[in-house]
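Here the sequence shown stands for residues 1 to 251, where the numbers follow the UniProt record's numbering.
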Amino acid sequence: MKPLLSIKEGEVMVQTDHSTKKLLTNLELTIYPEDFIVVLGGNGAGKSTLFNVLSGNLRLTAGDIVYQDQSINHLSEEKRATFLSRVFQDPKMGTAPRLTVSENLLFSKKRGEKRRFKRRKIKDYQQEFYDVTKSLGNHLETHLDTPAGQLSGGQRQSLSLLMATIRRPDLLLLDEHTAALDPKTSEQLMAITNQKIQEDKLTCLMITHHMEDALKYGNRLLVLKEGEIVADFSEKEKENLEKKDLLSFFY
C-alpha cells in the first residue's frame with residue numbers, strides 16, 4: 001500500500017539558555033491510508049512535538065515530511081489545514097464560543113474556500129447539521145442555535161470533532177481530546193470518535209494517556225520516549241499486549 005504521509009530522519013532541536021535540546025531524534029514514521037494510530041508516551045516524550053511538526057506549527061530542524069510523494073516542509077500551518085485537521089485537549093480551543101453550533105459547523109464546512117461578502121444561507125444546511133449532530137447520540141442536535149460557549153464540555157468537544165471531520169481530512173490529529181472530560185463523558189466521546197473514524201474511513205493519529213483506550217482502539221500503537229519511537233505495534237501484536245506491557249515503557 002502506498003503511504004499517505006511519512007517523516008524521514010526527522011529531528012527537532014531547540015536552543016535553551018545554556019544548551020541545545022533535541023525534542024525529536026532521527027524519527028522515522030510512515031502513515032498509510034485508514035491507519036488509526038494511537039500514540040503513547042510520558043511527559044516530554046515528544047508526542048505534542050510530533051503533532052506540531054505534522055501540523056506545521058513547528059518546523060523540522062533536519063529531515064523531511066512527505067505527503068502524497070511531495071515534501072511539505074515548506075508548507076505553512078494554514079496550507080496544511082487544507083488536508084489536515086486537529087482536535088485539541090481543551091474543548092475551548094476547537095470552537096468559536098459566541099457562534100452557534102450551526103455557525104461553527106458552517107465555518108468549518110467552508111474552510112479553505114475563498115471568502116466573499118455574501119449571505120451565509122445557513123438555513124440551507126440546517127437539515128444536514130441536524131442529521132450529523134443527531135448521529136452522535138448526545139443531544140447536540142437540540143442545540144443548533146446555542147452558542148458553543150454554553151455547551152457542556154463533552155458536547156463542545158464532540159462539536160470540535162465534527163468540525164475537524166466535516167470536510168473529511170486526509171489526516172486527523174486527536175491531541176488527548178478526551179483528557180479534560182470526566183470518565184463517563186470521555187468513554188462516550190471515544191465511542192463516537194471510533195465510530196466516526198471507521199464509518200468515514202479516516203486516517204488518524206491519537207495521543208492518549210489512557211492505557212485501556214490504547215489497547216482497545218486503533219490498528220497501530222506507537223510508543224515515544226525521549227523523542228524517539230521505541231515501539232510500533234501492529235494490530236495483531238496489540239492483541240497480545242496487556243496494560244502492564246505498556247506501563248513498562250514508562251519506567
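Just so you know, even glycine gets a beta-carbon here, dropped at the ideal spot from N, CA and C.
Source: prediction; values computed, not measured.
Among the candidates the options, whose CA atom is the shortest distance from the CA of residue i?
i: Phe88; options: Leu162, Lys79, Lys225 and Ala214; result: Leu162
i: Gln198; options: Asp35, Ile31 and Leu5; result: Asp35
i: Ile192; options: Thr165, Met211, Thr49 and Lys236; result: Thr165
i: Pro97; options: Val53, Asp145 and Asp64; result: Asp145
i: Gly41; options: Lys244, Glu228, Lys238 and Glu103; result: Glu228
i: Ser76; options: Lys92, Asn52, Tyr217 and Asp90; result: Asn52
i: Leu27; options: Asp90, Ser71, Val230 and Leu136; result: Val230
i: Asn104; options: Gln157, Lys216 and Lys238; result: Gln157
i: Asn240; options: Ala214, Glu226 and Gln155; result: Ala214
i: Thr25; options: Met190, Thr142, Lys47 and Leu5; result: Lys47
i: Gln68; options: Asp200, Met1 and Lys201; result: Met1
i: Asp90; options: Asp182, Asn138 and Leu202; result: Asp182
i: Pro169; options: Thr82, Leu246 and Ser248; result: Thr82
i: Met93; options: Lys123, Asn138 and Ala180; result: Ala180
i: Lys196; options: Val132, Asp124 and Ser102; result: Val132
i: Val101; options: Leu84, Lys123 and Arg80; result: Lys123
Is residue i helix, strand or coil when you go by DSSP?
i: Ala180; result: coil
i: Asn240; result: coil
i: Tyr67; result: strand
i: Met206; result: strand
i: Phe88; result: coil
i: Arg98; result: coil
i: Glu228; result: strand
i: Arg220; result: strand
i: Ala191; result: helix
i: Ser234; result: strand
i: Arg245; result: The question names Arg, yet the displayed sequence has Asp at residue 245. Of the three classes helix, strand and coil, the one that applies to Asp245 here is helix, per DSSP.
i: Leu106; result: helix
If you follow the alpha helix (DSSP H) that residue i is in, where does it begin and where does it stop?
i: Gly10; result: Note, Gly10: premise wrong, no alpha helix (DSSP H); beta strand (DSSP E) at Leu5 to Gln15.
i: Ala158; result: As written in the sequence, residue 158 is Ser, which differs from the Ala given in the question. Residues Gly153 to Thr165.
i: Ala26; result: Going by the sequence as given, residue 26 is Asn instead of Ala. It is not in any alpha helix (DSSP H) - Asn26 instead sits in the beta strand (DSSP E) that spans Thr20 to Ile31.
i: Tyr125; result: Neither: Tyr125 is in no alpha helix (DSSP H) and is coded neither H nor E.
i: Leu50; result: Lys47 to Ser55
i: Glu77; result: Glu77 to Arg80
If you check the beta carbons only, do residue i and residue j fall under 9 Å apart?
i: Arg111; j: Leu174; result: no
i: Thr185; j: Val38; result: no
i: Leu172; j: Gln155; result: no
i: Gly153; j: Thr95; result: no
i: Phe233; j: Leu224; result: no
i: Val66; j: Ser6; result: yes
i: Leu205; j: Ile31; result: yes
i: Leu23; j: Thr49; result: yes
i: Lys243; j: Met211; result: yes
i: Leu84; j: Leu54; result: yes
i: Gly56; j: Lys79; result: yes
i: Arg220; j: Lys238; result: yes
Check for me: the beta strand (DSSP E) holding residue i runs from which residue to which?
i: Phe36; result: Phe36 to Leu40
i: Asp175; result: Leu171 to Asp175
TODO: Report yes or no: do three or more beta-carbon pairs, one from the stretch 11 to 19 and one from the stretch 49 to 67, lie closer than 8 Å?
DONE: Three or more Cβ pairs drawn from the stretch 11 to 19 and the stretch 49 to 67 lie within less than 8 Å of each other, which places the two stretches in contact.
Open item on the list: Is it the case that the stretch 125 to 136 contacts the stretch 97 to 111, given that we only count it when at least three CB pairs across the two stretches are under 8 Å?
Closed with: Short answer: they touch.
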